[in-house]
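Trainee: The following block contains the structure, expressed as structure tokens.
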Amino acid sequence: MIEIQNVRKSFGALEVLKGIDLTVHNGEVLTIIGGSGSGKSTLLTCINGLEPIDSGRILVDGTEVHARSTDLNKLRQKIGIVFQQWNAFPHLTVLENVMLAPRKVKGMSKPDAEAMAVKQLEHVGLGDKLSVYPSRLSGGQQQRMAIARALAMSPKYMLFDEVTSALDPMLVGEVLDTLRLLASDGMTMICVTHEMKFAREVSDRVAFFHQGVMAEIAPPAELFGAPKSPDLQKFLAATA
Amino acid sequence: MFNYTFQWKQALARLPQMLDGAVVTMQVALLSMAIGIALAVVLTLFRLSRSRILSGIATSWVEIARNTPALFQIYMAHFGVASFGIHFSPWTSLLLGITFNNAGYLAENFRGALKAIPDTQARAGRSLGLSELQAFRFIVMPQMLRISFLPMTNQMVWAILMTSLGVTVGMNTDLYGVTQDLNALTFRTFELFAVAAVIFYLITKIIQLGARLLARRMFRY
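Residue numbers (full-length UniProt numbering), protein chains in the order written: chain A, 1 to 240; chain B, 1 to 221.
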């Protein structure tokens, strides 16, 4: 369970998160929608401790992420994150990209890590690209590799930060299919996305962020069907 | 016109001794590069660290190495430290001086290379659970070394040429030192140093060629 309690965060004078309260239950798929600058991506990087917060608490399975005593490297093994820019490691092959963290963080043996990496890469449809360098892959393939890389750590939670935003429209579908597959496997996921159709289809709940505030949260049918706030109505009208 | 008769035979007769000297030159240069690269990585980590003392040490090192004559650096490594009762052999002093210089220049090259690597690379590593040091070691450093490969080759050539400064601290077993001694013996100045220059040239060319071949094997991505 991920519990976010009254989290505030500013970059300089700009307050990007203005007291967010949100609980994500195990097995739940939550998508976060909202305009750019609404704080949704920042929230994700706060959940795995890549960004510090100014006040409030974030608890992952009861462990406070930003507590001094928390071993973030250990906690991050539970929380996979995939970014808009996939950040493939260019000097490693696809297989090595995926094997790196299981080997170095979990101390897995080479054959075990390799078996795990192959399994995850096959899962995302890259079983035939193992010994290729990322520069030879399309954006969509690199993004799927990044997903496999995160999954190879067997995380309990997956965070997706606008993973299709930097992709050619032709390649969006293959990445969304991978996310659907994960959702149907029962993975607990938080997806920040601009893909409304996707949000409507896979989410258990959808949250709408507006100017650092979580303005609405509801199951997709309700949120998309009967938006309450004028801001959400405007947003949906603009993205429809 | 010139009142000088070339006597190449005398110089060429000394070729085996000079080639022995060339081997010493290469040993010193290679060793100074190997240690220099390792030190430059450490200096880079110092500069990345949040400690003011460590980054201060690294910055001073780089500033002195790059902004004072290499001759001064080698001189200090011999006669300078001797003032404090530390006595190194000419060979050791030369190695220390060149290594100091290499580390300073390479650390600066590494800094430039780091700028070409997006922060998101280390961030992606951290998000997978890698520690800061692991992210540097396995993700950032290999890319940094690749980007710096060409400047490293230049520094290697420079290290070979810097060995000639060893004569100032009494080094007489390297290529330049041997040539200098032979000159004192035979006075065939032009011929001997011309042969030495050709050897220097060939060594540096071989290094550049070797580096290119190595790069082709190492960097397949």
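Glycine included, C-beta positions come from ideal geometry on N, C-alpha and C.
#1: If you measure from the beta carbon of residue 129 of chain A to each beta carbon in chain B, is any gap under 8 Å?
#2: Here's the rule: buried if 16 or more other CB atoms are within 10 angstroms of the residue's CB, otherwise exposed. What is residue 93 of chain B?
#3: What are the residues that DSSP puts in a beta bridge with residue 210 of chain A?
#4: For residue 128 of chain B and residue 78 of chain A, I'd like the C-alpha separation in whole angstroms.
#5: Excluding the 5 residues flanking residue 231 of chain A on each side, which residues of the same chain have their C-beta closer than 7 Å to its C-beta?
#6: With 16 other CB atoms within 10 Å as the buried threshold, where does residue 198 of chain B fall?
#7: Between B:95, B:126, B:72 and B:43, which lies nearest to residue 71 of chain A when the distance is taken from Cα to Cα?
#8: So what does DSSP say about residue 85 of chain A, is it helix, strand or coil?
#9: Would you check if the segment 170-181 of chain A and the segment 91-99 of chain A touch, i.e. whether three or more CB-CB distances between them fall below 8 Å?
#10: So what does DSSP say about residue 23 of chain B, is it helix, strand or coil?
#11: Check this for me: beta carbons of residue 200 of chain B and residue 161 of chain B, under 8 Å apart or not?
#12: Can you grab the Cα-Cα spacing for the pair residue 120 of chain A / residue 149 of chain A, in whole Å?
#13: Once you ignore the five residues that flank residue 56 of chain A on each side, which residues in its own chain have a CB closer than 6 Å to its CB?
#14: Which first and last residues belong to the alpha helix (DSSP H) in which residue 60 of chain A is found?
#15: Please classify residue 3 of chain B: is it buried, with 16 or more other beta-carbons within 10 angstroms of its beta-carbon, or exposed?
#16: For the pair the segment 164-177 of chain B and the segment 6-25 of chain B, tell me if three or more CB-CB distances fall below 8 Å.
#17: Less than 7 Å between C-beta atoms, sequence neighbours within five positions excluded: which residues of the same chain meet that for residue 88 of chain A?
#18: Shortest alpha-carbon distance to residue 95 of chain B belongs to which of B:78, B:106 and B:109?
#19: Since residue 7 of chain B contacts residue 191 of chain B with CB under 8 Å, what's their CB separation in whole angstroms?
#20: Across the segment 61-73 of chain B and the segment 105-123 of chain B, are there enough close Cβ pairs to call them in contact, namely three or more that are closer than 8 Å?
#21: What in chain B is Cβ-close to residue 87 of chain A, meaning under 7 Å?
#22: Taking a contact to mean a Cβ-Cβ separation below 8 Å, would you say residue 202 of chain A touches residue 162 of chain A in this structure?
#23: Could you name each continuous beta strand (DSSP E) segment of 3 residues or more that falls completely within the segment 13-57 of chain A, going from the start of the chain to the end?
#24: Report the residues of the segment 142-153 of chain B with a CB closer than 7 Å to any CB of chain A, ordered along the chain.
#25: Looking at residue 70 of chain B and residue 101 of chain B, is the spacing between their C-beta atoms short of 8 Å?
#26: Could you tell me the distance, in whole angstroms, from the CA atom of residue 224 of chain A to the CA atom of residue 139 of chain B?
#27: Tell me the DSSP secondary structure of residue 188 of chain B in three-state form.
#28: Using DSSP with H/G/I as helix, E/B as strand and the rest coil, what is residue 119 of chain B?
#29: Leaving aside the five residues before and after residue 33 of chain B along the sequence, list all residues of the same chain whose C-beta is less than 8 Å from its C-beta, in chain order.
#30: Give the DSSP bridge partners of residue 129 of chain B, in chain order.
#31: When the cut-off is 8 Å and only beta carbons count, does residue 104 of chain A lie next to chain B?
#32: At the level of alpha carbons, what is the spacing between residue 36 of chain B and residue 203 of chain B?
#33: In terms of alpha-carbon separation, which member of A:1, A:27, A:114 and A:208 lies closest to residue 186 of chain A?
#34: Less than 8 Å separating the beta-carbons of residue 74 of chain B and residue 165 of chain B?
#35: Which whole runs of the beta strand (DSSP E) in the segment 128-161 of chain A are 3 residues long or more, in chain order?
#36: Buried or exposed, going by whether 16 or more other CB atoms sit within 10 Å of the CB of residue 80 of chain A?
Mentor: By the coordinates alone:
#1: By 1-based counting over the first sequence, the position of residue 129 of chain A is 129. The beta carbon of residue 129 of chain A sits no closer than 8 Å to any beta carbon of chain B.
#2: Residue mapping note: residue 93 of chain B aligns to position 93 of the second sequence, counting from 1. Burial of residue 93 of chain B is indicated by the presence of at least 16 other C-beta atoms within 10 angstroms of its C-beta.
#3: To locate residue 210 of chain A, count along the first sequence from 1; it is residue 210. As DSSP reads the structure, residue 210 of chain A sits in a beta bridge with A:213.
#4: Residue mapping note: residue 128 of chain B aligns to position 128 of the second sequence, counting from 1. Residue mapping note: residue 78 of chain A aligns to position 78 of the first sequence, counting from 1. Distance from the CA atom of residue 128 of chain B to the CA atom of residue 78 of chain A, rounded to whole angstroms, is 9 Å.
#5: The residue you call residue 231 of chain A lines up with position 231 of the first sequence. Around residue 231 of chain A: 210 and 215.
#6: Taking the second sequence and counting its residues from 1, the one referred to as residue 198 of chain B is at position 198. Burial state of residue 198 of chain B is exposed, judged by a 10 Å Cβ sphere holding fewer than 16 other Cβ atoms.
#7: On the first sequence, residue 71 of chain A is found 71 positions in, with the first residue counted as 1. Ranking B:95, B:126, B:72 and B:43 by Cα distance to residue 71 of chain A puts B:126 first.
#8: Here residue 85 of chain A refers to the residue found at position 85 of the first sequence. When DSSP states are grouped into helix, strand and coil, residue 85 of chain A belongs to the coil group.
#9: With a cut-off of 8 Å on Cβ pairs, the segment 91-99 of chain A is not in contact with the segment 170-181 of chain A, counting fewer than three such pairs.
#10: Walking along the second sequence from the start, residue 23 of chain B turns up at place 23. DSSP, reduced to helix, strand and coil, places residue 23 of chain B within a helical segment of the structure shown.
#11: Here the question's residue 200 of chain B lines up with position 200 in the second sequence. Here the question's residue 161 of chain B lines up with position 161 in the second sequence. Closer than 8 Å, so yes.
#12: Within the first sequence, residue 120 of chain A is the residue found at index 120, counting from 1. Within the first sequence, residue 149 of chain A is the residue found at index 149, counting from 1. Cα to Cα, residue 120 of chain A sits roughly 8 Å from residue 149 of chain A.
#13: For the purposes of this step, residue 56 of chain A is taken as the residue at position 56 of the first sequence. Result list for residue 56 of chain A: 5, 6, 7 and 8, in chain order.
#14: Sequence index remark: in the first sequence, residue 60 of chain A carries index 60 (1-based). Under the DSSP assignment, residue 60 of chain A falls outside any alpha helix (DSSP H), being part of the beta strand (DSSP E) whose first and last residues are 55-60.
#15: Here residue 3 of chain B refers to the residue found at position 3 when the second sequence is read from its first residue. Only exposed fits residue 3 of chain B, as fewer than 16 other CB atoms lie within 10 angstroms of its CB.
#16: Here the segment 164-177 of chain B lies against the segment 6-25 of chain B, with 3 or more beta-carbon pairs under 8 Å apart.
#17: Position 88 of the first sequence, counted from the start, is the residue given in the question as residue 88 of chain A. Correct list, in chain order: 97, 134, 142, 145 and 146.
#18: As a working note, residue 95 of chain B is residue 95 in the second sequence. The candidate whose alpha carbon is nearest that of residue 95 of chain B is B:78.
#19: In the second sequence, residue 7 of chain B corresponds to position 7, counting from 1. In the second sequence, residue 191 of chain B corresponds to position 191, counting from 1. Right, their Cβ atoms sit about 6 Å apart.
#20: Short answer: they touch.
#21: Your numbering for residue 87 of chain A matches position 87 in the first sequence. The answer, in chain order, is 120, 121 and 124.
#22: Within the first sequence, the letter at position 202 stands for residue 202 of chain A. Within the first sequence, the letter at position 162 stands for residue 162 of chain A. Contact: no.
#23: Entirely contained in the segment 13-57 of chain A, the beta strand (DSSP E) runs reaching 3 residues are, in chain order, 14-24 and 29-34.
#24: Flagged, chain order: 142, 143 and 146.
#25: In the second sequence, the residue the question calls residue 101 of chain B occupies position 101. In the second sequence, the residue the question calls residue 70 of chain B occupies position 70. Contact flag set, yes.
#26: Along the first sequence, read from residue 1 onward, the residue named residue 224 of chain A stands at position 224. Along the second sequence, read from residue 1 onward, the residue named residue 139 of chain B stands at position 139. If I take the Cα positions, the gap works out to 42 Å.
#27: By 1-based counting over the second sequence, the position of residue 188 of chain B is 188. If DSSP states are grouped into helix, strand and coil, residue 188 of chain B belongs with coil.
#28: For the purposes of this step, residue 119 of chain B is taken as the residue at position 119 of the second sequence. In the structure shown, residue 119 of chain B sits in a helix (DSSP, three-state: H, G or I).
#29: Here residue 33 of chain B is taken as the residue at index 33 of the second sequence, counted from 1. These residues qualify, in order along the chain: 102, 152, 155, 156 and 159.
#30: Position 129 of the second sequence, counting from 1, holds the residue named residue 129 of chain B. Partner(s): none; residue 129 of chain B has no beta bridge.
#31: Locating residue 104 of chain A in the first sequence gives position 104, where the first residue counts as 1. The beta-carbon of residue 104 of chain A is placed less than 8 Å from the nearest beta-carbon of chain B.
#32: On the second sequence, position 36 is the one that residue 36 of chain B refers to. On the second sequence, position 203 is the one that residue 203 of chain B refers to. Put simply, the backbone Cα of residue 36 of chain B is about 20 Å away from that of residue 203 of chain B.
#33: Position 186 of the first sequence, counted from the first residue, corresponds to residue 186 of chain A. Residue A:27 is the option with its Cα nearest to residue 186 of chain A.
#34: Along the second sequence, one-based indexing puts residue 74 of chain B at 74. Along the second sequence, one-based indexing puts residue 165 of chain B at 165. If you check the CB distance, residue 74 of chain B and residue 165 of chain B come in under 8 Å.
#35: List check, beta strand (DSSP E) in window: 157-161.
#36: Mapped onto the first sequence, residue 80 of chain A falls at position 80. Buried, by the Cβ-count rule.
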